[in-house]
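Student:
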Amino acid sequence: MFTRHRDSFGSNDRPTSPLSECSIADSENDFPSWTFRRSSASSATPTLPKDLSTAKIVQLPNSAYYIPNFISETEELLLLDKISRAPKPHWTQLSHRRLITYPSALTPNNLLLNSPLPLWLAAPFIPRMQALNIWKHSPHGQPNHVLINEYKPGEGIFPHEDGDAYHPMVATISLGGTMVLDVFEKDAIRNPEEERSPAFRILQEPRSLLITTDDLYTSHLHGIATIEVDERLGADTIANWELLGDMEDYSSGRNIRTTRTSLTYRDVLRVSNLAGRILGRR
């Protein structure tokens, strides 16, 4: 079944922390105090492409870009640990995933109450994105909203569109597991009850960054199948195959899913300063 919807929010139990060798302060402002006992090589800052065009997924309509290893293993584990510490009331349990949103959910009128993102979600990831100039045409020059989704094996999301509340670009960092994102032509899905094969498939590896914008944002739907194993993986079926960080990991043509967490960065178009006035900020 195909549906077009917006994400909703609620609560559920938080995940168990996957991090055994990392410590992180509970305060959102204590990001610099994180410590991690691993070799210095694992914490090296990833190398970004000098030209974003080299990361373009040429098999897709305009425009999508894929950068493997956008964050380091250390950063990935620190993020997962911080996410696992989110208070229980902040989580929403949906039928096939759970989610949390920062700094807050949008109002029914698609308005974001002005509040900064937590530092642990902003630094150094937003400056790293800005170095790629991907937010230069967005109204605020950077993302102001992050949706965190957790997908366990067998979970997913029906094909949907992100809607017009946002600048038409999404930047998604993947954590933990690998998963295939299915892309559908919007006009091809006329009957919500009718099953359709995706027009394109994108393999999202842990620590990767996927950027979607232009026609791929406005004229296509995207979703994740509710399966436990991604099949038929190869150069003929995966649009970003040549851009993967390690094709050998999927040389069998299969990916057995593990829990994947995604950080979806967006720029909400309409922002209200009401929250700041209520709290006495100017």
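Here the working numbering is used: the first residue of the sequence shown is 14, the next is one more, and so on.
Glycine included, each C-beta is placed from N, C-alpha and C at the ideal position.
The structure presented is a predicted model; accordingly, all values stated were derived computationally and were not measured.
Grab me the residues of residue 190's own chain with a C-beta within less than 7 Å of its C-beta, minus the 5 sequence neighbours each way, in chain order.
Tutor: By 1-based counting over the sequence shown, the position of residue 190 is 177. Closer than 7 Å at the Cβ level, and outside the excluded window around residue 190, lie 219, 270, 271, 272, 273.
Student: Identify every residue that forms a DSSP beta bridge with residue 105.
Tutor: By 1-based counting over the sequence shown, the position of residue 105 is 92. In the DSSP output, where bridge partners are listed per residue, residue 105 has 112.
Student: Looking at chain C, is there any beta carbon in it that lies within less than 8 Å of the beta carbon of residue 230?
Tutor: Chain labels in this structure do not include chain C; a single protein chain is all it has.
Student: Using DSSP with H/G/I as helix, E/B as strand and the rest coil, what is residue 145?
Tutor: Position 132 of the sequence shown, counting from 1, holds the residue named residue 145. Three-state result, residue 145: coil.
Student: For residue 245, I'd like the list of residues in its chain whose CB is within less than 7 Å of its CB, leaving aside the five on either flank, ordered along the chain.
Tutor: Along the sequence shown, one-based indexing puts residue 245 at 232. Contacts found: 266.
Student: Give me the Cβ distance between residue 239 and residue 169, rounded to the nearest whole Å; I'm assuming they're in contact under 8 Å.
Tutor: Position 226 of the sequence shown, counting from 1, holds the residue named residue 239. Position 156 of the sequence shown, counting from 1, holds the residue named residue 169. 4 Å between Cβ atoms; contact.
Student: Can you check DSSP and say which residues form a bridge with residue 187?
Tutor: Numbered from 1 along the sequence shown, position 174 holds the residue referred to as residue 187. DSSP output for residue 187 lists 275 as bridge partner(s).
Student: Check residue 228 in the structure and name its three-state DSSP category.
Tutor: Walking along the sequence shown from the start, residue 228 turns up at place 215. Helix.
Student: Considering only residues of the same chain and omitting the five flanking positions on each side of residue 153, which have a CB-CB separation below 6 Å?
Tutor: Position 140 of the sequence shown, counted from the first residue, corresponds to residue 153. For residue 153, where only same-chain residues beyond five positions count, the Cβ hits under 6 Å are 280.
Student: Using three-state DSSP, classify residue 171 as helix, strand or coil.
Tutor: As a position in the sequence shown, residue 171 is number 158, starting the count at 1. Looking at residue 171 - three-state DSSP - the assignment turns out to be strand.
Student: Measuring alpha carbon to alpha carbon, tell me which of 136, 156, 213 ends up nearest residue 247.
Tutor: Taking the first residue of the sequence shown as 1, we reach residue 247 at position 234. That would be 213, whose Cα lies nearest to the Cα of residue 247.
Student: Cutting at 6 Å between CB atoms, please list the residues of its own chain near residue 164, excluding the five before and the five after it.
Tutor: Counted from its first residue, the sequence shown places residue 164 at position 151. The residues are 110, 273.
Student: Just the C-alpha distance for residue 86 and residue 178, rounded to the nearest angstrom, thanks.
Tutor: For the purposes of this step, residue 86 is taken as residue 73 along the sequence shown, with counting starting at 1. For the purposes of this step, residue 178 is taken as residue 165 along the sequence shown, with counting starting at 1. Spanning the two alpha carbons is a distance of roughly 33 Å.
Student: Going by alpha carbons, who is nearest to residue 242 out of 132, 75, 159, 192?
Tutor: For the purposes of this step, residue 242 is taken as residue 229 along the sequence shown, with counting starting at 1. It is 192 whose Cα lies nearest to the Cα of residue 242.
Student: Rounded to whole angstroms, what's the CA-CA distance from residue 57 to residue 82? Just pull it up for me.
Tutor: For the purposes of this step, residue 57 is taken as the residue at position 44 of the sequence shown. For the purposes of this step, residue 82 is taken as the residue at position 69 of the sequence shown. Looking at the two C-alpha atoms, the distance is approximately 11 Å.
Student: Taking only three categories from DSSP, how would you classify residue 199?
Tutor: Start at 1 with the first residue of the sequence shown, and residue 199 comes out as number 186. Residue 199: helix per DSSP, three-state reduction.
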